[in-house]
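Participant: Sharing a structure with you now.
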Amino acid sequence: MQPKVAVAAVTFDRHEELTLLLKGLADQTAPIHSIALVDSGTVPATAIVNAGGENINYLRSEANLGGAGGFAYAILAAMASGAEWIWMMDDDGHPEDKSCLAELLKCAEEHRLDIVSPLVAATSDPNRLSFNFRINGFLTNDRSRLASMGYLPDMVHFLTVH
Numbered sequence: 209m210q211p212k213v214a215v216a217a218v219t220f221d222r223h224e225e226l227t228l229l230l231k232g233l234a235d236q237t238a239p240i241h242s243i244a245l246v247d248s249g250t251v252p253a254t255a256i257v258n259a260g261g262e263n264i265n266y267l268r269s270e271a272n273l274g275g276a277g278g279f280a281y282a283i284l285a286a287m288a289s290g291a292e293w294i295w296m297m298d299d300d301g302h303p304e305d306k307s308c309l310a311e312l313l314k315c316a317e318e319h320r321l322d323i324v325s326p327l328v329a330a331t332s333d334p335n336r337l338s339f340n341f342r343i344n345g346f347l348t349n350d351r352s353r354l355a356s357m358g359y360l361p362d363m364v365h366f367l368t369v370h
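Numbering-wise (our numbering), the sequence shown opens with residue 209 and increments by one.
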């Protein structure tokens with residue numbers, strides 16, 4: 209049986225990117241129980257959220273809570289929804305394919321993990337990663353080098369909290 213997964217997401221005036229994120233989440237093959245979306249932007253994303261699906265808990269914050277505050281608020285709302293897993297997403301990222309969540313859950317189960325993370329590709333160049341990884345003493349953000357290695361234990365940049 210699939211675990212109950214909620215998304216904790218934050219946004220700040222990136223409406224085009226938020227649209228891509230919500231579409232990527234809606235297209236996932238693994239079900240998403242709910243999306244807790246904290247919006248601290250100067251222009252509310254109400255229209256995008258209304259077009260994004262029924263399971264979005266839109267949390268408008270008139271104060272800019274910053275990344276840490278926004279994620280804390282989103283995580284609490286995701287936990288309150290009864291989620292067993294929380295997938296953290298920023299508005300400038302989105303799942304690259306429809307099986308991203310299913311693969312994360314499979315990896316977590318297979319390796320008995322509490323925290324898993326996909327590789328995060330750079331928006332400007334999908335062949336590069338947003339964050340460097342230290343492999344055999346060398347830093348790299350070359351996606352092809354890391355993707356070919358498969359499961360990378362003890363290497364996470366964005367967290368999924370169980």
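Think of the CB as a built atom: it goes at the ideal place given N, C-alpha and C, for glycine as much as any other residue.
Three-state secondary structure (DSSP) at residue 328?
Facilitator: Looking at residue 328 - three-state DSSP - the assignment turns out to be coil, as it is neither helix nor strand.
Participant: My output table needs one value for residue 228: the three-state DSSP class, helix, strand or coil.
Facilitator: In this structure, residue 228 counts as helix in the three-state DSSP scheme.
Participant: Can at least three beta-carbon pairs, one atom from the segment 291-311 and one from the segment 260-273, be found at a separation below 8 Å?
Facilitator: The answer is no - the segment 260-273 does not touch the segment 291-311, with fewer than three Cβ pairs under 8 Å.
Participant: Please confirm whether residue 229 and residue 301 have their CB atoms less than 8 Å apart.
Facilitator: Contact: yes.
Participant: By DSSP's criteria, residue 281 is part of a beta bridge. Which residues make up the other side?
Facilitator: DSSP lists no partner for residue 281.
Participant: Buried or exposed: residue 243, going by 16 or more other Cβ atoms within 10 Å of its Cβ?
Facilitator: Buried, by the Cβ-count rule.
Participant: Look at the alpha carbon of residue 351 and the alpha carbon of residue 253, and state the distance between them as a whole number of angstroms.
Facilitator: Rounded to the nearest angstrom, the two C-alpha atoms are 32 Å apart.
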